[in-house]
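Visitor: This is the structure, below, for whatever I ask next.
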Amino acid sequence: MRVEILKQYINLVEFLGLVLGPSYEIALYDLNRGDDTIVAIANGQVTGRSIGSPLTSPILGFLSNERYKTLNHEVNYTVFNMNQKKLRSSTLYIKDNGELAGLLCITFDDQRYKDISKLIMGLCHPDELLQENNFEKIEDLKTDNDTSIYGRDIQEVFNNSLQSILKVSNVPIDRLKKEEKLKIVASLKDKGIFLLKGAVTEVAKLLDSSEATIYRYINEVEQMETKE
């Protein structure tokens, strides 16, 4: 049944890609195959992804927190493509009798519309007013923790997630103490990274630790979560 449901969405991916145009990427994830990767995509140039690309860190976080059990979709969360360009993304949870079967994601690059908006405002107002106006500075606003740089493969997802966490700690990997590594593992778990196949192996390499150590850290984090 789930396979038949997703087949219908494959046709929808192509249709939406043509109707919405090149500023919209449409991606379909199959969550029944074990690798949880993209099985159909239109306008992949928006993020640089293609068939076989893995889940993004925001989606992994949604799945880790089981938001799909109470929600049908996630709308307008911020992400970044490979070139650090800000994009807007929305995700539909595809369910079969309440069980998650797949994800339909639409990512929008609205830069052209922002450029048009600035051009129109430039025709109406003097340069001095444009420089002082808040809408000109909106790109400088900081985004929240639900942002992500898209990864073309699982390795990039690991690296991007880990680097975003290490920026906060501002400590080189070879100087991290156990408590700091434990916090990193907790953050990665919260982001859903360990839902990916081979995650423990990759995180162990990146943190210069053994797989057994990472499993132990995960167990400690889960015990702390249980106590809370």
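With our numbering applied, the sequence shown corresponds to residues 305 to 532, in that order.
Backbone N, C-alpha and C fix where the C-beta goes; we use that ideal spot for every residue, glycine too.
Bear in mind the structure is a predicted one, so any value in this text is a computation, not a measurement.
If you follow the alpha helix (DSSP H) that R392 is part of, which residue opens it and which one closes it?
Guide: Indexing the sequence shown from 1 puts residue 392 at position 88. Segment 390-400 is the beta strand (DSSP E) holding R392; no alpha helix (DSSP H) there.
Visitor: Applying the 10 Å Cβ sphere with the 16-neighbour rule, what's the burial state of T351?
Guide: For the purposes of this step, residue 351 is identified with residue 47 of the sequence shown, where counting begins at 1. Label assigned to T351: buried.
Visitor: Would a C-beta distance cut-off of 9 Å place P358 and T341 closer than the cut-off?
Guide: Counted from its first residue, the sequence shown places residue 358 at position 54. Counted from its first residue, the sequence shown places residue 341 at position 37. Contact flag set, yes.
Visitor: Exposed or buried, what is A516 when buried is set at 16 or more other beta-carbons lying within 10 Å of its beta-carbon?
Guide: The residue you call residue 516 lines up with position 212 of the sequence shown. Exposed, by the Cβ-count rule.
Visitor: In angstroms, rounded to a whole number, what distance separates the CA positions of L407 and N315?
Guide: The count along the sequence shown starts at 1 and reaches residue 407 at position 103. The count along the sequence shown starts at 1 and reaches residue 315 at position 11. One C-alpha to the other measures close to 14 Å.
Visitor: Say the cut is 8 Å; is the CB of N380 nearer than that to a heavy atom of the ligand PLP?
Guide: By its list of ligands, the structure shown contains no ligand whatsoever, and the ligand PLP lies outside what it can speak to.
Visitor: Going by DSSP in three states, E440 sits in which element: helix, strand or coil?
Guide: The sequence position of residue 440 within the sequence shown is 136, counting from 1. The predicted model places E440 with a pLDDT of 40, which falls under 50 and marks its position as unreliable; any figure quoted below should be read in that light. Helix at E440.
Visitor: Using 10 angstroms around the beta-carbon of L511, count the other beta-carbons present and answer buried if the total reaches 16, otherwise exposed.
Guide: If you number the sequence shown from 1, residue 511 lands on position 207. Looking at its Cβ environment, which holds 16 or more other Cβ atoms inside 10 Å, L511 is buried.
Visitor: D339 lies in the alpha helix (DSSP H); which residues open and close that run?
Guide: Here residue 339 refers to the residue found at position 35 of the sequence shown. Here D339 belongs to no alpha helix (DSSP H), and DSSP marks it neither H nor E.
Visitor: For T411, report the span of its beta strand (DSSP E) as first-last.
Guide: As a position in the sequence shown, residue 411 is number 107, starting the count at 1. Residues 403-412.
Visitor: What distance in whole Å lies between the Cβ atoms of A346 and E318, which are believed to be in contact at a cut-off of 8 Å?
Guide: By one-based count along the sequence shown, residue 318 stands at place 14. By one-based count along the sequence shown, residue 346 stands at place 42. About 6 Å; that satisfies the 8 Å criterion.
Visitor: Distance, Cα to Cα, S393 vs F384?
Guide: Locating residue 393 in the sequence shown gives position 89, counting from the first residue. Locating residue 384 in the sequence shown gives position 80, counting from the first residue. Distance between the alpha carbons of S393 and F384 is about 10 Å.
Visitor: Using C-beta distances below 7 Å, list every residue in its chain close to N380, excluding the 5 sequence neighbours before and after it, in chain order.
Guide: Locating residue 380 in the sequence shown gives position 76, where the first residue counts as 1. R392, S394.
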